[in-house]
Amino acid sequence: MTKIFSSKYIKWFLKITFVVVLFYFLGKKGFLSLDATKKALLQWDKSVPAMAVLFLLTFLGIIRWQWLLYAQDIRLHWKRTIQLHFIGQFFNVALPGAVSGDFVKAFYIAHEVPGKRSPAFGSILFDRVSGLSALVLVSGFALGLNYFSLEGTALMSAVRLLLIIATFCVIAFYGYLFLIQEHHDPMLRFFRYLESKFSRAGSLTRIYMGLRHYHFYRFAVFKVIALSILIHITVCWVFLSFAYALGDFHIERYTVFIIVPIGLLVTAIPVMPAGIGTGHIAFAALFSLLNSNRGADIFSLFVLTQLFISAIGGIVYLKFRAHEPKPTFEK
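Going by numbering that gives the first Met the number 0, the sequence shown opens with residue 0, and the numbers climb by one from there.
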């Protein structure tokens with residue numbers, strides 16, 4: 000127990016050290032500036048509407064998750080869904096790991112609707128998958144409209160190639176989900192084989208079945224993907240507004256819709272909460288492709304808004320936990 004406890008501290012120390020080194024590097028190179036961020040916040044006509052829209056997008060995310068819950072035959076009142084979504088946002092920042100909030104949401108749903116933990120986690124997992132796949136589709140579609148925008152360097156060519164491959168992978172995933180019947184599903188056979196050898200692997204089978212459940216709810220999936228695409232297109236506009244608030248008016252508008260989703264995909268790597276560090280370096284590199292050195296500052300404005308939303312989730316949780324059990328991550 001002591002070894003596990005100390006290893007957690009070591010991991011967090013290494014992560015924090017990594018982020019500090021990144022910030023030092025970005026500051027030295029002129030990619031990160033507190034003064035520039037402060038000035039951008041004072042551009043009320045650009046920064047405030049962008050932050051407000053980003054906050055409102057949270058509610059579109061709630062609608063998306065509620066659709067996925069309904070497809071799993073989990074009927075939560077809208078008020079409860081809103082509460083759990085904000086609580087999940089809070090725990091994604093408050094606890095180590097990018098998906099900690101997902102486990103908390105699954106725990107509370109299982110408490111309210113007994114026997115539905117795996118379907119609940121299936122809805123949460125599919126919510127993640129739909130969000131990530133929509134990022135790829137938005138970026139891929141924008142690239143298709145402006146294919147030659149990422150030319151000139153080896154990095155640009157690599158980004159373009161990876162994006163094309165990722166787009167085909169997303170299409171293949173949904174094709175697999177909709178076209179492969181359960182009795183012909185090799186992935187399901189693989190998970191059941193694992194379960195026969197290792198009883199604990201049964202949870203993987205149940206989670207996969209919760210994900211596969213959406214094979215029968217194609218219209219719900221199409222709605223979820225469409226809403227996810229709308230959310231991410233709007234997020235791209237938010238990043239463009241932050242760029243304008245920082246004085247970067249020369250950025251090519253359409254190219255932002257290619258690089259922002261790629262940057263957000265990088266932030267999904269669970270190093271620090273809200274993508275701090277990895278997101279800064281990713282957006283600094285991506286916006287440099289557009290001849291802008293303010294990518295890290297643009298991401299800082301995005302992170303500030305996300306932390307504000309998480310703080311609201313913390314307030315919701317403080318009221319919520321007075322009447323509900325504390326979450327546990329035990330299986």
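Glycine included, every Cβ here is placed at the ideal spot set by N, Cα and C.
Keep in mind that this is a model prediction, so the values were computed, not measured.
_Across the stretch 224–232 and the stretch 190–207, are there enough close Cβ pairs to call them in contact, namely three or more that are closer than 8 angstroms?_
Verdict: no, contact absent.
*asked:* Helix, strand or coil, according to DSSP, for residue 314 in the structure here?
replied: Helix.
*Can you tell me where the alpha helix (DSSP H) with residue 247 in it begins and where it stops?*
First-last for residue 247: undefined, no H or E at that position.
_So, under 8 angstroms CB-CB, residue 237 and residue 52 are touching, yes? Tell me the CB distance rounded to an integer number of Å._
So it is a contact: roughly 6 angstroms between Cβ atoms.
*Can you tell me the Cβ-Cβ gap for residue 281 and residue 304, rounded? I've got them flagged as a contact below 8 angstroms.*
Approximately 17 angstroms separates the beta-carbon atoms of residue 281 and residue 304; this is outside 8 angstroms, ruling out the contact.
*What is the DSSP secondary structure of residue 216, counted as helix, strand or coil?*
Looking at residue 216 - three-state DSSP - the assignment turns out to be coil, as it is neither helix nor strand.
*Looking at C-beta atoms only, is the number of pairs between the stretch 111–126 and the stretch 239–248 that lie closer than 8 angstroms three or more?*
No contact exists between the stretch 111–126 and the stretch 239–248.
*asked:* Whether or not the stretch 288–308 and the stretch 41–57 are in contact is what I'm after, with contact meaning three or more pairs of Cβ atoms, one per stretch, closer than 8 angstroms; do they touch?
replied: By the C-beta criterion, the stretch 41–57 is judged to be in contact with the stretch 288–308, since at least 3 inter-stretch pairs fall below 8 angstroms.
*Is the beta carbon of residue 121 sitting closer than 7 angstroms to the one on residue 212?*
Result yes, Cβ atoms of residue 121 and residue 212 sit closer than 7 angstroms.
*Can you tell me the Cβ-Cβ gap for residue 118 and residue 201, rounded? I've got them flagged as a contact below 8 angstroms.*
Contact doesn't hold; Cβ gap of about 15 angstroms is too wide.
_N- and C-terminal bounds of the alpha helix (DSSP H) containing residue 118_ = DSSP places residue 118 inside the alpha helix (DSSP H), whose first and last residues are 116–144.
*Using alpha carbons as the reference points, say which of 124, 258, 215 lies closest to residue 289.*
The residue with the shortest Cα to Cα distance from residue 289 is 258.
*Determine the direct distance from the alpha carbon of residue 100 to that of residue 311, and round the result to whole angstroms.*
Each residue's CA atom was taken as its position, placing residue 311 and residue 100 some 14 angstroms apart.
*In whole angstroms, what is the alpha-carbon distance linking residue 219 and residue 56?*
Spanning the two alpha carbons is a distance of roughly 19 angstroms.
_By the three-class DSSP mapping on this structure, what secondary structure does residue 290 have?_
In this structure, residue 290 counts as coil in the three-state DSSP scheme.
*Under 8 angstroms by Cβ, that's how I've got residue 139 and residue 176 pegged, so tell me the actual separation to the nearest angstrom.*
Between residue 176 and residue 139 the Cβ distance is about 18 angstroms, and since that is not below 8 angstroms, they are no contact.
_Pairwise C-alpha distance: residue 75 and residue 172_ = If you draw a straight line from the Cα of residue 172 to the Cα of residue 75, it comes to about 28 angstroms.
_DSSP three-state label for residue 180, please._
In the structure shown, residue 180 falls within a coil segment according to DSSP collapsed to helix, strand and coil.
*Taking DSSP as the reference, what is the three-state secondary structure of residue 279?*
Helix at residue 279.
_According to DSSP, simplified to helix, strand and coil, what is residue 42?_
It is coil, neither helix nor strand.
_6 angstroms CB neighbourhood of residue 124 in its chain, flanking five on each side removed_ = Contacts found: 210.
*How big is the Cα-Cα spacing for residue 205 and residue 116?*
Counting only the Cα atoms, residue 116 lies some 9 angstroms from residue 205.
*Measure how close the beta-carbons of residue 309 and residue 88 come, nearest whole angstrom, since I'm counting them as under 8 angstroms.*
Contact annotation, residue 309 with residue 88: C-beta distance approximately 5 angstroms; criterion of less than 8 angstroms satisfied.
*Looking at the unbroken alpha helix (DSSP H) that takes in residue 206, where does it start and where does it end?*
For residue 206, the uninterrupted alpha helix (DSSP H) segment begins and ends at 201–211.
_Rounding to the nearest angstrom, what Cα-Cα distance links residue 103 and residue 67 in this structure?_
Cα to Cα, residue 103 sits roughly 17 angstroms from residue 67.
*With distances taken Cα to Cα, identify the nearest neighbour of residue 63 among 277, 251, 250, 221.*
Just measuring C-alpha positions, the residue of 277, 251, 250, 221 sitting nearest residue 63 is 221.
*asked:* Below 8 angstroms on the Cβ atoms is my contact criterion, and I expect residue 158 with residue 135 to pass it. Report the Cβ-Cβ distance as a whole number of Å.
replied: About 13 angstroms; that fails the 8 angstroms criterion.
*So residue 93 is in the alpha helix (DSSP H); what residue range does that whole segment cover?*
Residues 77–93.
*asked:* Output needed for residue 80: all residues of its chain with C-beta closer than 8 angstroms, excluding positions within five of it in sequence on either side, in chain order.
replied: Counting only Cβ-Cβ distances below 8 angstroms, and skipping sequence neighbours, we find 61, 64, 65, 68.
*asked:* Rounded to the nearest angstrom, what separates residue 234 and residue 198 at their Cα positions?
replied: Using only the alpha carbons, I get a separation of about 42 angstroms.
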